[in-house]
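Presented below is the structure to which this report refers.
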Amino acid sequence: MRNPLRLLAPLFLFLFLLTGCGPQEKYLPKEEALSQGFVVMDGLRTENSERFEVFLENIGAKRADTLDIVIFDLTGSQYVVHVEYDGTQFLATSYFMTPKSEKSHEVRERRYSDIIMTSAKNYFLVNQEKTEPDLWIFQGN
């Protein structure tokens, strides 16, 4: 008798490749993004900025944390940034998403060494070795 696991392995591999490793990325309406803990920016307003403040506190304490930001533009499209901090460095992924869930301009897993704030309270992830372009992630009040 053949090993049934040997027959199922290709099926599981196919299903894994078909569905991907993570949740399906899609357009997030503002209310859904807020309910999922995203920092949301649109025009002059920022909502859930408290989450960004907690992220900064965790960086100061060198505690690992993740942060999700969604920025809506005037056309209704969104720019999504996911930042992971491991206590020493940052790993960021960003992309644009249209209201029809069409994804573009994806940049995955850029590494950064620091976060800086400008005099205008803009926050950037920077890499001191200049191996990555600076990444704007937040406009403070």
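Residue numbering for the sequence shown follows the UniProt record's numbering, beginning at 1 and increasing consecutively.
A virtual CB, placed ideally from N, CA and C, is assigned to each residue, including glycine.
Can you give the beta carbon distance from Leu-74 to Arg-110, rounded, assuming they're within the 8 Å contact cut?
By 1-based counting over the sequence shown, the position of residue 74 is 74. By 1-based counting over the sequence shown, the position of residue 110 is 110. Rounded, the Cβ-Cβ distance is 26 Å, inconsistent with contact.
Just to confirm the assignment, what range does the beta strand (DSSP E) spanning Ala-92 have?
If you number the sequence shown from 1, residue 92 lands on position 92. Residues 90 to 97.
Just list the residues that DSSP pairs Leu-125 with in beta bridges.
For the purposes of this step, residue 125 is taken as the residue at position 125 of the sequence shown. Answer is Ile-115 and Leu-135, bridged to Leu-125.
How many Å lie between Gln-78 and Tyr-85 at the Cα?
Against the sequence shown, residue 78 aligns to sequence position 78. Against the sequence shown, residue 85 aligns to sequence position 85. About 23 Å.
I'd like the span of the beta strand (DSSP E) that includes Leu-67, first residue to last.
Along the sequence shown, one-based indexing puts residue 67 at 67. Looking at the DSSP string, the run of the beta strand (DSSP E) that includes Leu-67 is 65 to 72.
Use the C-beta contact count for Val-80: other C-beta atoms within 10 angstroms, 16 or more gives buried, fewer gives exposed.
Residue numbering aside, residue 80 sits at position 80 when the sequence shown is read from its first letter. It is buried - the Cβ of Val-80 has at least 16 other Cβ atoms within 10 Å.
Hey, how far is the Cα of Glu-106 from the Cα of Lys-62?
As a first step, residue 106 is located in the sequence shown; it is residue number 106 there, counting from the start. As a first step, residue 62 is located in the sequence shown; it is residue number 62 there, counting from the start. Distance from the CA atom of Glu-106 to the CA atom of Lys-62, rounded to whole angstroms, is 28 Å.
If we count the other Cβ atoms within 10 Å of its Cβ and call it buried at 16 or more, is Ile-71 buried or exposed?
Residue 71 sits at position 71 when you count from the first residue of the sequence shown. Burial call: buried.
So who's on the other strand from Tyr-85, going by DSSP bridges?
Here residue 85 is taken as the residue at index 85 of the sequence shown, counted from 1. Answer is Asp-65 and Phe-90, bridged to Tyr-85.
Under DSSP, the alpha helix (DSSP H) around Glu-47 begins and ends at which residues?
Here the question's residue 47 lines up with position 47 in the sequence shown. Looking at the DSSP string, Glu-47 is not in any alpha helix (DSSP H); the run it does join, the beta strand (DSSP E), is 45 to 47.
Identify, in the order they occur along the chain, each residue of the same chain with its Cβ nearer than 7 Å to the Cβ of Asp-65, setting aside the five sequence neighbours on each side.
In the sequence shown, counting from the first residue as 1, residue 65 sits at position 65. Once the five neighbours on either side are set aside, the close Cβ partners of Asp-65 are Phe-55, Asn-58 and Tyr-85.
Would you kindly work out how many angstroms separate the C-alpha atoms of Tyr-112 and Lys-100, rounded to a whole number?
Sequence index remark: in the sequence shown, residue 112 carries index 112 (1-based). Sequence index remark: in the sequence shown, residue 100 carries index 100 (1-based). Roughly 31 Å separates the two Cα atoms.
Tell me which residue opens and which closes the alpha helix (DSSP H) that Glu-32 is part of.
Here residue 32 is taken as the residue at index 32 of the sequence shown, counted from 1. Residue range 30 to 35 is occupied by the alpha helix (DSSP H) that includes Glu-32.
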